[in-house]
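Numbering (the numbering used here), first residue to last: 582 to 853. For every residue, glycine included, the Cβ atom is placed at its ideal position computed from N, Cα and C.
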Amino acid sequence: MDDQQTRAQRFRALHRPGDPLILANAWDAVSARLVAAAGAHAIATTSAGVAWSRGAPDGDLLARDTAVDVIRRVADAVRLPVTADIESGYGDNPDQVAETVAAVLAAGAVGVNVEDARHDGGGPLRPIHEQVARLAAVRAAADRAGIPLYVNARVDTYLRGARGVPETVERAEAYLAAGADGIFVPGTVEPETVAALTAAIPAPLNVLAGPGAPPVAELARLGVARVSLGPALAETAYAVVRRAAAEVFGAGTYEALAGGLDFGELNELMRD
């Protein structure tokens, strides 16, 4: 029986250093089905793509209920494990973060990303003790639900001022002790740094890849367990919208629309 417990266990088993789980992040039901049809083993959401598609900027400004609604639609659209990017938890305190996680689990997700950056003007990163309390609340909420939720703790040291490997490892160790299962370090794909992180962090390492990053095979050789595309697919899709709109309003031509997916194919993809 492919229930939530089974999907959670399957998702956990996909995190293997040297044989990374590849996540092409989706932001709605149709992007999730397209990614699944391409051969994905799991579906991840992108908080930025979700926020943009629902009329908000990224950065903990999307309403929790709106985010959870998208997660539910994605989980209902595919038969694969779904992991949800919940930014910093859509809550001001650990109890509110726990409420978010309970809602995300009820929506069908089996994993979450939780970041340690703050967006309230109080500084680029939360103090370690504050983030530890939030992650402990995430784990406690999952335990109460009886789901072995995969908690991917995002460490934003490289996105928010590149403080280097030592601080990243210090935060990673504290987050793992609080109940995280894996560590996500976006902002660096430099091979020497990635190798240092995989050697020092005693958990599966997730990196954010895109143009200019080493190929998946090289990241695997460095010991990476998870490779995410983050908002890149959404950014690319929206770039096509801008090019096509600029062309039709400018030259009055339609070349940017060439190569689009067929209406019938997409419509059929969304049938149950």
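What residues in its chain sit with their C-beta under 6 Å from that of residue i, if we drop five residues either side in the sequence?
| i | result |
| --- | --- |
| R654 | A610 |
| A761 | L716, V732 and A734 |
| A658 | A610, A613 and R614 |
| Y756 | L716 and A734 |
Reducing DSSP to helix, strand and coil, say where residue i ends up.
| i | result |
| --- | --- |
| D827 | The identity of residue 827 in the sequence shown is Ala, whereas the question assumes Asp. If DSSP states are grouped into helix, strand and coil, A827 belongs with the helices. |
| N787 | strand |
| S809 | strand |
| A733 | It should be pointed out that residue 733 corresponds to Asn in this sequence rather than to Ala. Reduced to three states, the DSSP call for N733 is strand. |
| G845 | helix |
| I624 | strand |
| L803 | coil |
| L607 | As written in the sequence, residue 607 is Ala, which differs from the Leu given in the question. The answer is strand: DSSP assigns A607 an E or B state. |
| L838 | helix |
| L642 | coil |
| G702 | Residue confidence is low: G702 scores 47 on pLDDT, short of 50, so the model does not pin down where it sits. No coordinate-derived value is stated. |
| T817 | helix |
Going by DSSP, what residue range makes up the beta strand (DSSP E) through residue i?
| i | result |
| --- | --- |
| T664 | V663 to D666 |
| I877 | With the chain running from 582 to 853 in the structure shown, residue 877 is simply not present. |
| I764 | G763 to F765 |
Which same chain residues end up closer than 8 Å to residue i when comparing Cβ atoms and leaving out the 5 residues on each side of it in sequence?
| i | result |
| --- | --- |
| Q677 | G670 and Y671 |
| G745 | T738 |
| A758 | V713 |
| L604 | A621, A623, I624, A625, T664, R807, V808, S809 and L810 |
Kindly indicate the opening and closing residues of the alpha helix (DSSP H) around residue i.
| i | result |
| --- | --- |
| Y756 | V746 to A758 |
| N694 | First-last for N694: G692 to E696, but that is the beta strand (DSSP E), not the alpha helix (DSSP H). |
| I652 | R645 to A658 |
| G857 | It is not possible to answer for residue 857, since the shown part of the chain is limited to 582 through 853. |
| I709 | I709 to A726 |
| A832 | Counting along the chain, A832 falls outside any alpha helix (DSSP H), and DSSP gives it neither H nor E. |
| D676 | P675 to A687 |
| A794 | First-last for A794: undefined, no H or E at that position. |
| L778 | P772 to A781 |
| A594 | Q585 to A594 |
With a cut-off of 8 Å on the beta carbons, I'd call residue i and residue j a contact; round off their distance for me.
| i | j | result |
| --- | --- | --- |
| V691 | F830 | Not quite, the Cβ-Cβ distance comes to about 44 Å (not below 8 Å), so this is no contact. |
| Y739 | T769 | 4 Å |
| T749 | V766 | 6 Å |
| V651 | I667 | Incorrect: roughly 11 Å between the Cβ atoms, too far for contact. |
Here's a check: name, in chain order, each residue in its chain whose Cβ is nearer than 7 Å to the Cβ of residue i, leaving out the five neighbours to either side.
| i | result |
| --- | --- |
| E836 | E828 |
| P601 | V797, L800, A801, V805, A806, R807 and V808 |
| L838 | A825 |
| I782 | V750, A753 and I764 |
Against chain E, does residue i count as a neighbour if the rule is that its beta carbon must be under 8 Å from one of theirs?
| i | result |
| --- | --- |
| A621 | The structure shown contains no chain E; it holds only a single protein chain. |
Open item on the list: Three or more C-beta pairs under 8 Å: does that hold for the segment 657-664 against the segment 841-850?
Closed with: Between the segment 657-664 and the segment 841-850 there are fewer than three C-beta pairs closer than 8 Å, too few to call the two in contact.
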